[in-house]
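What follows is a short report on a single structure.
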Amino acid sequence: MPDEIPNKPRPEPLRRALIAWYDAEKRALPWRATRDPYAIWLSEVMLQQTRVETVIPYYARFLASYPTVATLADAPLDDVLTMWAGLGYYRRARMLHATAAQVRDDHAGVFPDTVDGLRGLHGIGPYTAGAVASIAFGRAAALVDGNVVRVLSRIFAVEDDVRGGAGLARIWKIAEALVPEEGAGTWNQALMELGATVCVPRDPRCLLCPASALCEGRARGIEKTLPKLAAKTKPLGERRVALVAQRDGQVLLARRPEAGRFGGMWEPPSVEIPGKDDPDPAVLLEGLSLTKSDVAGALALAGEVVHVLSHRRLAVAVYSGALSARAKVRAPAGYTAAELVPLEALGKRALTTFARKVLAKARIGVAT
DNA sequence: AATCCGGGGAG
DNA sequence: CTCCCAGGATT
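-2 is the number of the first residue of the first sequence in my numbering; add one for each residue after it.
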């Protein structure tokens, strides 16, 4: 039976090589200029499944508006979602807000400083707990993200499927065996930095890698075949019809339930089209619990929007029209609220990128 | 263990 | 077009 943890390379030379490289080559990222646990936690949540370049402007705006965990906890959720709009995975923003209140109410406003303590907070899983514990608090905690999976599977020539299960557990074991007692935060960031800038997914830049001489994957000539990742399932098609209804320079927006896709975000309301039916304005109104008298005149087909999510490919026929003067503004079926929003105020609303695409199809731009 | 949950950049 | 990104929650 093979060892669970490969014995090559040895930890000490690898740590020395990577940390020396990191000290010399690391990027100057905003969250590397602070040791405030709140700021580091915020950056780590924003960085979940999200690229560094995407996060940077959001991080700056967010910290400017909510400089402390207390200011975030006291803010209305809708404002937090507005600040998050466009970043995706909106549950992160809801949990961020909930955790801020949790820190205020259950932890006297002070972040837990251990992995176990951090794991008790909303939206903090194995990765984020290890990141905050090591980077903000100097704890000797390991972490595994997509970068670490790639770097360690190559350096230790791990040929298992590391998407999950035993293969991923093996990467965690290696990461835990490598974490130094002192400087764990620096070590973890060095590992991730290498994956982000040198040990990249396609065509790794081994000639620039401080660990190339120690890399077992490269020694075996299999570095480009790693990591081995089971294929993901393709997004399922979903057909919808959306309504962009205007009245007096305002547009009807509805708020989605907080659970599920786009939770808590605002959008022109839409309904799913079952089966292979054609997009139909009558089905649209009925699905939203509206009547013909809610609309002045006929609805016009403005076009189709295609928007791809992790597990769904949305194809939406967009109808535009005028909301009648006597139509009452109330939450359509499937939504929790509705409002008529002035067109010039759309930039200050919690709109998903999908919602912006639907509005754009009806020739409504969102000034930012 | 499988699914759900955004959006965008790179090749 | 495909892949994947400083993942976590839910079932």
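Where a beta carbon is used, it is the ideal one built from N, C-alpha and C, also for glycine.
Asked	Found
Please classify Glu341: does DSSP put it in a helix, a strand, or coil?	helix
In terms of residues, what are the limits of the beta strand (DSSP E) holding Leu39?	Unbroken run through Leu39 is the alpha helix (DSSP H), Pro34 to Met43; no beta strand (DSSP E).
Count Cβ pairs between the region 43 to 60 and the region 79 to 87 that sit closer than 8 Å; are there 3 or more?	yes
Could you have a look at Val315 and say whether DSSP puts it in helix, strand or coil?	strand
Need the endpoints of the beta strand (DSSP E) that Glu301 sits in, please.	Val292 to Val305
Can you list, in chain order, the stretches of the alpha helix (DSSP H) that have 4 or more residues and sit fully within the region 126 to 200?	143 to 152, 162 to 175 and 181 to 194
On the premise that Ala299 lies in contact with Tyr394, defined as a C-beta separation below 8 Å, what is that separation, rounded to the nearest angstrom?	No answer is possible for residue 394: the residues shown for the chain start at -2 and end at 365.
For Val146, which residues of its own chain have a beta-carbon under 6 Å away from its beta-carbon, when the five flanking residues on both sides are left out?	Val159, Ile168 and Pro224
Based on DSSP bridge pairs, tell me the residues matched to Trp263.	Arg252 and Leu348
Since Glu235 sits in a beta bridge, which residues does DSSP pair it with?	Leu311
Enumerate in chain order the residues of its own chain whose CB-to-CB distance from Ile121 is below 6 Å, with the five nearest sequence positions on each side excluded.	Leu115
Looking only at its chain, what residues have a beta carbon closer than 6 Å to the beta carbon of Val326, apart from the 5 residues adjacent to it on each side?	Ala335 and Leu337
List the whole-angstrom C-beta distance separating Ala216 from Leu15, where the pair is believed to meet the contact cut-off of C-beta under 8 Å.	Contact flag wrong, Cβ pair sits at about 17 Å.
Alpha carbon to alpha carbon, how far is Gly135 from Ser267?	48 Å
From Ala137 to Glu156, what does the alpha carbon distance come to, in whole angstroms?	27 Å
Could you check which residue in Pro34, Gly246 and Thr365 has the C-alpha nearest to that of Ser321?	Gly246
Which same chain residues end up closer than 7 Å to Thr111 when comparing Cβ atoms and leaving out the 5 residues on each side of it in sequence?	Ala130 and Arg136
Going by DSSP, what residue range makes up the alpha helix (DSSP H) through Glu50?	Val49 to Ser62
Once you ignore the five residues that flank Glu269 on each side, which residues in its own chain have a CB closer than 6 Å to its CB?	Arg237
Going by beta carbon distance, what residues of the same chain come within less than 6 Å of Pro6, once the five residues before and after it are set aside?	Leu211
Under 8 Å by Cβ, that's how I've got Ala330 and Val292 pegged, so tell me the actual separation to the nearest angstrom.	Contact flag wrong, Cβ pair sits at about 16 Å.
Under the DSSP definition of a beta bridge, which residues are partnered with Leu281?	None, per the DSSP bridge assignment.
What first and last residue would you give for the alpha helix (DSSP H) that runs through Gly370?	With the chain running from -2 to 365 in the structure shown, residue 370 is simply not present.
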